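Notes for the one structure printed next.
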Amino acid sequence: MTEQTQPTLSARGLVKKYGRVVAIDGADFDLYPGEVLAVVGDNGAGKSSLIKALSGAVVPDEGQIRVDGELVHFRTPLDARKYGIETVYQDLAVAPALDIASNMFLGREKRRKDMFGSLFRKLDTADMRAEAQRVLDELGIGIKSITQLVETLSGGQRQGVAVARAAAFGSKAVIMDEPTAALGVTESGQVLALIDRIRERGLPVVLISHNMPHVFDIADRIHVHRLGKRVAVVSPKTHTMNQVVGLLTGALRLGEDGEIHEVEAAVRAGLAE
Ligand SMILES: Nc1ncnc2c1ncn2[C@@H]1O[C@H](COP(=O)(O)OP(=O)(O)O)[C@@H](O)[C@H]1O
Ligand SMILES: [Mg+2]
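This note's numbering applies: residue 66 is where the sequence shown begins, and numbers increase by one.
Written out as structure tokens, the structure is:
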């Protein structure tokens with residue numbers, strides 16, 4: 066991950082306003098090949114808005130987004146998916162009344178071809194089930210039956226299905242917004258193990274998380290977001306949890322010299338320069 070490596074996904078100067086609320090305030094972003102990048106920040110810092118812009122769910126007012134260096138203009142999540150970017154949103158999007166295989170192929174169902182090669186209306190259920198099972202097995206998600214309804218699954222298993230769907234279709238990057246926020250210790254551990262396996266498969270992952278031990282456990286780099294912008298990128302190998310918390314609250318800042326500095330309370334409050 067040197068300076069010469071081209072980011073898989075990057076953004077410069079993103080801005081998104083909701084009326085007078087500036088959700089994204091000139092944010093930069095870089096995700097490099099093969100890495101797990103954690104995005105941390107206080108509630109309301111604009112983390113979800115940032116990843117929504119990167120995944121086409123929000124159209125920024127200003128700024129550029131690039132995939133492998135190519136300038137892109139995502140208008141919908143489908144646009145981002147076409148570039149191989151899959152997102153697991155914070156407000157979990159699974160359909161509880163459908164089975165696991167149907168959830169995994171929601172919106173991109175496989176259909177059987179007829180003898181002339183044109184598409185029948187009929188769904189290729191067997192093929193989708195086999196594919197869903199293969200992905201779940203590969204990612205080590207233990208589920209008894211692929212035909213089980215999602216509403217009968219535990220929170221962790223549901224999250225597993227959402228993550229597996231992203232991993233199955235993502236060819237460029239997988240983005241996850243607080244995937245363990247609603248989960249217990251065991252289930253969180255399973256999601257972290259999944260992220261590890263996705264990285265092993267060579268796919269970079271963006272993980273938004275509040276959980277510092279999780280972040281320090283799994284991330285290669287940590288993007289610190291504050292007041293709508295990226296304020297620092299640090300490594301869990303060279304920086305401590307306390308330093309990262311200091312950066313995201315504004316008590317500390319990363320200087321031009323690459324060192325961490327304390328910020329005077331008066332400066333933080335905007336009373337002095
Ligand atoms: N759809 C929206 N309409 C109005 N305000 C929004 C909307 N989405 C986010 N915001 C506001 O933008 C800011 C950033 O929110 P968000 O991106 O969800 O932050 P985070 O994920 O870091 O908690 C907050 O002040 C939030 O209230
Ligand atoms: Mg959020």
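Positions of the beta carbon are idealized from the N, C-alpha and C atoms, including for glycine.
Keep in mind that this is a model prediction, so the values were computed, not measured.
Beta bridge counterpart(s) of residue i as assigned by DSSP
i, result
"V105", "V289"
"S75", "D95, R131"
"D189", "For D189, which the question treats as bridged, DSSP gives no partner whatsoever."
"D164", "L214"
"V153", "M241"
"D90", "V80"
"K294", "R291"
"V124", "BP columns for V124 are empty, so no partner."
"L136", "R131"
"R176", "L188"
"V299", "I287"
Cβ separation of residue i and residue j, assumed to be a contact under 8 Å, to the nearest whole Å
i, j, result
"I89", "P125", "6 Å"
"K294", "Y148", "Not quite, the Cβ-Cβ distance comes to about 24 Å (not below 8 Å), so this is no contact."
"L248", "G221", "5 Å"
"G78", "Q155", "In fact, because the Cβ distance is near 24 Å, the residues do not count as touching under 8 Å."
"H288", "F94", "7 Å"
"P244", "T73", "Not quite, the Cβ-Cβ distance comes to about 19 Å (not below 8 Å), so this is no contact."
"R291", "A110", "6 Å"
"L96", "V328", "With a Cβ gap of about 28 Å, L96 and V328 do not count as contacting."
"V228", "V153", "6 Å"
"A231", "V239", "5 Å"
"M277", "V250", "15 Å between Cβ atoms; not a contact."
"G121", "D144", "5 Å"
"A162", "L171", "That belief does not hold up - the Cβ atoms of A162 and L171 are roughly 12 Å apart, past 8 Å."
"L317", "G311", "3 Å"
"I283", "K112", "Not a contact, Cβ separation roughly 17 Å."
"R131", "V137", "7 Å"
Candidates the options: closest to residue i by CA position
i, options, result
"D285", "S210, P98, A229", "P98"
"V105", "V215, S120, I263, F281", "F281"
"S219", "Q198, E243, Q255, R194", "Q255"
"L188", "L268, A162, E174, D164", "E174"
"A76", "T190, L115, V87, L102", "L115"
"V215", "V86, I165, A297", "I165"
"I206", "M277, A195, E135, Q224", "Q224"
"S300", "V101, Q71, G84, D107", "V101"
"F234", "S253, M193, A246", "M193"
"D322", "K209, G335, A231, A297", "A297"
"T212", "E151, R230, T190, R146", "T190"
"T303", "A145, T314, E324", "E324"
"E265", "L204, R318, A316", "L204"
"Q41", "A92, E127, D133, V200", "Outside the shown range of the chain, which is 66 to 338, sits residue 41, and nothing can be said about it."
"R140", "G311, A118, H326", "A118"
"N168", "V226, L201, D261, M306", "V226"
"Q71", "E135, S113, A197, R199", "E135"
"A103", "D242, I150, R177", "D242"
"S253", "I263, H279, G267", "H279"
"F202", "R176, I263, R146", "It should be noted that the sequence gives Asp, not Phe, for residue 202. Cα-wise, what sits closest to D202 is I263."
Neighbourhood of ligand 2 [Cβ distance below 7 Å to any heavy atom], ordered by chain position
K112, S113, Q155, D242, E243, I273
Which full runs of the alpha helix (DSSP H) of 4+ residues lie inside the region 214-284, going along the chain?
220-234, 250-265, 277-283
Runs of alpha helix (DSSP H) wholly within the region 306-338 (minimum 4 residues, chain order):
306-314, 330-333
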